[in-house]
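Chemist: Take a look at this one; I'll ask things after.
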Amino acid sequence: MSDFIICYDITHPRRLARLHRYLVKRAVPLQYSVFLFNGDNRQLENCMQGAIELIDEKEDDLRVYPLPSRGLKARIGQPALPEGIQWSGLPTTW
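Take any residue in the sequence shown, note its place counting from 1, add 2, and you have its number in our numbering.
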């Protein structure tokens, strides 16, 4: 299993809402348009295939960045999850 950052910039509000709802079911939202996906390459490929069907490739931008398995993973600022809920894949603080 690997971690990936999925982020997007969608120009049309309806496509934006559809893609956001789609990704919320498959990844952890870190910010409104930034998600943390945990899975293997096949699972990522399936997730991205569904996401590509929801965007306009000429107007929208959808990106995936692999995170290194080793190294510092930290956050600064507001937590991604509500207080009292912790997920071991996300750092609690820096």
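Even glycine gets a Cβ: it sits at the ideal position worked out from N, Cα and C.
Remember, predicted model here, so these are calculated numbers, not experimental data.
1. So, are the CB atoms of residue 10 and residue 56 less than 7 Å apart?
2. Just to confirm my understanding: we take residue 31, look at its own chain, exclude 5 residues before and 5 after, and list those with CB closer than 6 Å. What are they?
3. The beta strand (DSSP E) with residue 16 in it runs from where to where?
4. For a test of the three-state rule: what should DSSP assign to residue 54, helix, strand or coil?
5. Under the rule that 16 or more other beta-carbon atoms within 10 Å means buried, what is residue 77, buried or exposed?
6. Applying the 10 Å Cβ sphere with the 16-neighbour rule, what's the burial state of residue 96?
7. How long is the line joining the alpha carbons of residue 8 and residue 79, rounded to whole angstroms?
Modeler: Reading from the atomic positions:
1. no
2. 37
3. Careful: residue 16 lies outside any beta strand (DSSP E), inside the alpha helix (DSSP H) at 15-26.
4. helix
5. exposed
6. Residue placement at residue 96 cannot be trusted, given a pLDDT of 48 that sits under 50; what the coordinates show is reported in the next sentence. Looking at its Cβ environment, which holds fewer than 16 other Cβ atoms inside 10 Å, residue 96 is exposed.
7. 20 Å
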